[in-house]
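Reading through the structure tokens given below for one structure.
In the working numbering, the protein residues as written are 98 to 682.
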């Protein structure tokens, strides 16, 4: 078979195809095909080199699995220009063949697209596709058995080429699907598919496709609010680094309502939302909240009986089941139980549910090391109520939205990268699309959410920074320091003495000097001037960020001044202003 630089491939085809219409016509002509115009189309992007070396078992399995689910596979191969030759159009030309698909499974390593340093940037062909691109991982340094035994997951080199670099091009949800074939001695390795992992990948593909097919009114959305672990007080609900999570959720819900989502009794403000949550006690047991009170006040969104929970538990791999029972006893456990059933807490607003994440490593209201077992065992499995909550969420959601930085899903026990079905982060998220509203200021932990919780990040800016200014006795002190300087310039020694004693008293009150310590007036004034300048210029946050709310003009000016106030590669804004005024800075 002659293999061009780019094209469409199918294992049943006697040749490769250079045109989509040609490929589709051939596909529909097959005796077992019923036409594909109305089917979801999923692209499979892979390297031309796999065809050349006949290392296509994974591609064949992906094609077959998609077809079993009633999906039209669009496998496209390409040769990167770097490794091609004269006339090679490169990967970008191959990607262009994927236009019109509903989702892409990327089976390529490294960067999909590369922009030269200093080159122009703009919309890329990937942005033109405007579809999810789910990343696959090939464990080239390890066999399947070696990968399963290694708590790190895939080898660091595989993480670089198969996870980190593709992320630069916007790939999401990396799933290991193949490993080195131990039976073939080849310098570059052959890819041995891992059928169970391929099945999970296709489950996720189907969930994304379903989300895209559903109308806004049909989509079921669950918002997850975080709380601090081992902080047994109700005030820890709905935290998020620099984000007003409650107001953000309400604003998103109101926008969703305008777009046609089925939302009932949507709160007007974030305060109204938290009042509803706390009035109903739609939270887990805390220091002053019992399960009986939760049920009585309407905070229970569902009850799970032991038989139903055991079905979920038995679906887990044996190793995961044993870890949960070892940590928390036989189901249903002791925490969040009412009349023998597990209580799931939350608030329903039609097709939108708002839940506060369940406790991950403890139960009950005490923090004594007995119910709060995570204090002694950081790797303990999630509780039975935690698993029940997320299994219920999976069954009653088309998409999960984690709100704010950060929750615990991405930190649950399991492999680092390239998760298995025994890893609790995967067990908790399942195959559902997972969106995560996350601060742009925390890249390192955001990466964990992307790789371990299969999250697609929706990042947000941090709060605007503003100068703290002076207040109370500090403001009064600055006024007195100005009076002292004027009195000194006029040689008013008596007035200087009076002002000095007033300044010293204020400085002692503000703990800026040691009480009773004699300090020469000029020295004190100079020291206090320096400290007040430091206090005045210290940056503090101007409230919290609200998702979708842009800074006003004054806030934008404050932010720009904060960014430009120090010298870097270019002079600071202060230096430029003083230069214009003729001062030396």
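In this text, a Cβ means the ideal position worked out from N, Cα and C, and glycines have one as well. Since the structure is predicted, the reported quantities are computational estimates derived from the model, not experimental observations.
Next item on the list: Could you please give me the residues that DSSP links to residue 556 through a beta bridge?
Entry: Position 459 of the chain shown, counted from the first residue, corresponds to residue 556. Looking at the DSSP assignment, residue 556 forms a beta bridge with 535.
Notebook entry, point to check: Going by DSSP, which residues form a beta bridge with residue 395?
Noted result: Sequence index remark: in the chain shown, residue 395 carries index 298 (1-based). Looking at the DSSP output, residue 395 shares a beta bridge with no other residue.
Checklist line | Straight-line Cα distance separating residue 553 from residue 94 | finding: This structure leaves residue 94 out entirely; the chain is present only between 98 and 682.
Next item on the list: Could you tell me the distance, in whole angstroms, from the CA atom of residue 718 to the CA atom of residue 537?
Entry: No answer is possible for residue 718: it lies beyond the span of the chain, which begins at 98 and ends at 682.
Check: Could you give the residue range of the alpha helix (DSSP H) that holds residue 407?
Finding: One-based indexing of the chain shown puts residue 407 at position 310. From DSSP, the alpha helix (DSSP H) with residue 407 extends over 403-411.
Check: Under 7 angstroms, do residue 172 and residue 141 count as touching if we go by C-beta distance?
Finding: Residue 172 sits at position 75 when you count from the first residue of the chain shown. Residue 141 sits at position 44 when you count from the first residue of the chain shown. A contact, by the Cβ cut-off of 7 angstroms.
Next item on the list: Kindly give me the distance between the Cβ atoms of residue 414 and residue 518, rounded to whole angstroms, as I take these residues to be in contact under 8 angstroms.
Entry: Taking the chain shown and counting its residues from 1, one reaches residue 414 at position 317. Taking the chain shown and counting its residues from 1, one reaches residue 518 at position 421. At roughly 5 angstroms, the Cβ-Cβ gap stays under 8 angstroms, so residue 414 and residue 518 are in contact.
Check: What are the start and end residues of the beta strand (DSSP E) that includes residue 140?
Finding: One-based indexing of the chain shown puts residue 140 at position 43. Boundaries of the beta strand (DSSP E) harbouring residue 140: 138-144, taken from the DSSP string.
Notebook entry, point to check: So residue 174 packs on residue 262, CB below 8 angstroms; how close in whole Å?
Noted result: Residue 174 sits at position 77 when you count from the first residue of the chain shown. Residue 262 sits at position 165 when you count from the first residue of the chain shown. Not a contact, Cβ separation roughly 19 angstroms.
Next item on the list: Return the chain-ordered list of same chain residues with a C-beta closer than 6 angstroms to the C-beta of residue 371, the five sequence neighbours on each side being excluded.
Entry: Here residue 371 corresponds to residue number 274 of the chain shown, with the count starting at 1. Excluding sequence neighbours, residue 371 sits near 343.
Next item on the list: Sort 430, 153, 119 by Cα distance to residue 108 and report the nearest one.
Entry: Here residue 108 is taken as the residue at index 11 of the chain shown, counted from 1. Checking every option, the nearest Cα to that of residue 108 belongs to 153.
Notebook entry, point to check: Would you report the Cα separation of residue 452 and residue 359, rounded to the nearest angstrom?
Noted result: Mapped onto the chain shown, residue 452 falls at position 355. Mapped onto the chain shown, residue 359 falls at position 262. When rounded, the distance between both Cα atoms is 17 angstroms.
Notebook entry, point to check: Which whole-angstrom value is the C-beta distance of residue 494 and residue 319, which I expect to be below 8 angstroms?
Noted result: One-based indexing of the chain shown puts residue 494 at position 397. One-based indexing of the chain shown puts residue 319 at position 222. Going by Cβ atoms, the distance from residue 494 to residue 319 rounds to 4 angstroms, so yes, they are a contact pair.
Next item on the list: Go ahead and label residue 637 buried or exposed: buried means 16 or more other beta carbons lie within 10 angstroms of its beta carbon, across all protein chains shown.
Entry: Within the chain shown, numbered from 1, the residue matching residue 637 stands at position 540. Residue 637 is exposed by the Cβ-count criterion.
Next item on the list: Write down every uninterrupted run of the beta strand (DSSP E) in the region 498-548 whose length is 3 residues or greater and which is fully enclosed by it, in chain order.
Entry: Fully enclosed beta strand (DSSP E) runs of 3 or longer: 531-536.
Checklist line | Under the three-state DSSP convention, the category residue 388 falls into | finding: As a working mapping, residue 388 is identified with position 291 in the chain shown. DSSP places residue 388 in helix when its eight states are reduced to three.
Check: Ordered along the chain, which non-local residues of its own chain (more than five positions away) have a Cβ less than 6 angstroms from that of residue 395?
Finding: For this step, residue 395 is matched to residue 298 along the chain shown. For residue 395, where only same-chain residues beyond five positions count, the Cβ hits under 6 angstroms are 377.
Check: Span of the beta strand (DSSP E) holding residue 323?
Finding: Sequence index remark: in the chain shown, residue 323 carries index 226 (1-based). Unbroken beta strand (DSSP E) run through residue 323: 318-324.
Margin query: Suppose contacts are defined by Cβ-Cβ distances below 7 angstroms. Is residue 439 in contact with residue 398 by that definition?
Written below: Numbered from 1 along the chain shown, position 342 holds the residue referred to as residue 439. Numbered from 1 along the chain shown, position 301 holds the residue referred to as residue 398. Going by C-beta atoms, residue 439 is not nearer than 7 angstroms to residue 398.
Check: By how many angstroms is the C-alpha of residue 506 removed from the C-alpha of residue 247?
Finding: For the purposes of this step, residue 247 is identified with residue 150 of the chain shown, where counting begins at 1. For the purposes of this step, residue 506 is identified with residue 409 of the chain shown, where counting begins at 1. Straight-line Cα distance between these residues: approximately 20 angstroms.
Notebook entry, point to check: Is the beta carbon of residue 592 less than 7 angstroms from the beta carbon of residue 584?
Noted result: In the chain shown, the residue the question calls residue 592 occupies position 495. In the chain shown, the residue the question calls residue 584 occupies position 487. Yes, the pair counts as a contact, with Cβ atoms nearer than the cut-off.
Item checked: First and last residue of the uninterrupted alpha helix (DSSP H) at residue 632 -> What you label residue 632 is simply residue 535 of the chain shown in a count that begins at 1. That run of the alpha helix (DSSP H) goes 618-634.
Item checked: Span of the beta strand (DSSP E) around residue 423 -> What you label residue 423 is simply residue 326 of the chain shown in a count that begins at 1. Not the beta strand (DSSP E): residue 423 falls in the alpha helix (DSSP H), residues 415-425.
Item checked: Residue span of the beta strand (DSSP E) that contains residue 441, given as start and end -> Residue 441 sits at position 344 when you count from the first residue of the chain shown. From DSSP, the beta strand (DSSP E) with residue 441 extends over 438-442.
Next item on the list: Could you please give the first and the last residue of the uninterrupted alpha helix (DSSP H) stretch that includes residue 377?
Entry: Taking the chain shown and counting its residues from 1, one reaches residue 377 at position 280. Looking at the DSSP string, the run of the alpha helix (DSSP H) that includes residue 377 is 367-377.
Next item on the list: Spell out a yes or no on whether the region 603-617 and the region 292-309 are touching, meaning 3 or more CB-CB pairs, one atom from each, closer than 8 angstroms.
Entry: no
Next item on the list: Look at residue 425 and residue 480 and say whether their C-beta atoms are less than 7 angstroms apart.
Entry: If you number the chain shown from 1, residue 425 lands on position 328. If you number the chain shown from 1, residue 480 lands on position 383. Result yes, Cβ atoms of residue 425 and residue 480 sit closer than 7 angstroms.
Checklist line | Segment contact, 8 angstroms Cβ cut-off, at least three pairs: the region 482-497 with the region 339-353 | finding: no
Next item on the list: Starting from the Cα of residue 455, find the closest Cα among 362, 190, 488, 423 and give me that residue.
Entry: The residue labelled residue 455 in the question sits at position 358 within the chain shown. Answer by Cα proximity: 488.
Item checked: C-beta contact flag for residue 669 and residue 678 at 7 angstroms -> Numbered from 1 along the chain shown, position 572 holds the residue referred to as residue 669. Numbered from 1 along the chain shown, position 581 holds the residue referred to as residue 678. Against a cut-off of 7 angstroms, the Cβ pair of residue 678 and residue 669 comes out as no contact.
Next item on the list: Would you mind sorting residue 244 into buried or exposed? The rule is 16 or more other CB atoms within 10 Å of its CB.
Entry: As a working mapping, residue 244 is identified with position 147 in the chain shown. Buried.
Margin query: Please classify residue 497 as buried or exposed, where buried requires at least 16 other C-beta atoms within 10 Å of its C-beta.
Written below: Counting from one through the chain shown, the residue named residue 497 turns up at place 400. Residue 497 is buried by the Cβ-count criterion.
Notebook entry, point to check: Based on the DSSP secondary-structure assignment, which residues constitute the bridge partners of residue 235?
Noted result: Numbered from 1 along the chain shown, position 138 holds the residue referred to as residue 235. Paired residues: 275.
Item checked: Backbone CA spacing between residue 382 and residue 625 [nearest angstrom] -> Counted from its first residue, the chain shown places residue 382 at position 285. Counted from its first residue, the chain shown places residue 625 at position 528. Roughly 50 angstroms separates the two Cα atoms.
Margin query: With a threshold of 6 angstroms on Cβ separation, who are the neighbours of residue 100 within its own chain once the five nearest residues in sequence on each side are excluded?
Written below: Here residue 100 is taken as the residue at index 3 of the chain shown, counted from 1. Excluding positions up to five away in sequence, the list reads 148.
Notebook entry, point to check: With a cut-off of 8 angstroms, do at least 3 Cβ pairs link the region 252-269 to the region 110-125?
Noted result: No contact exists between the region 252-269 and the region 110-125.
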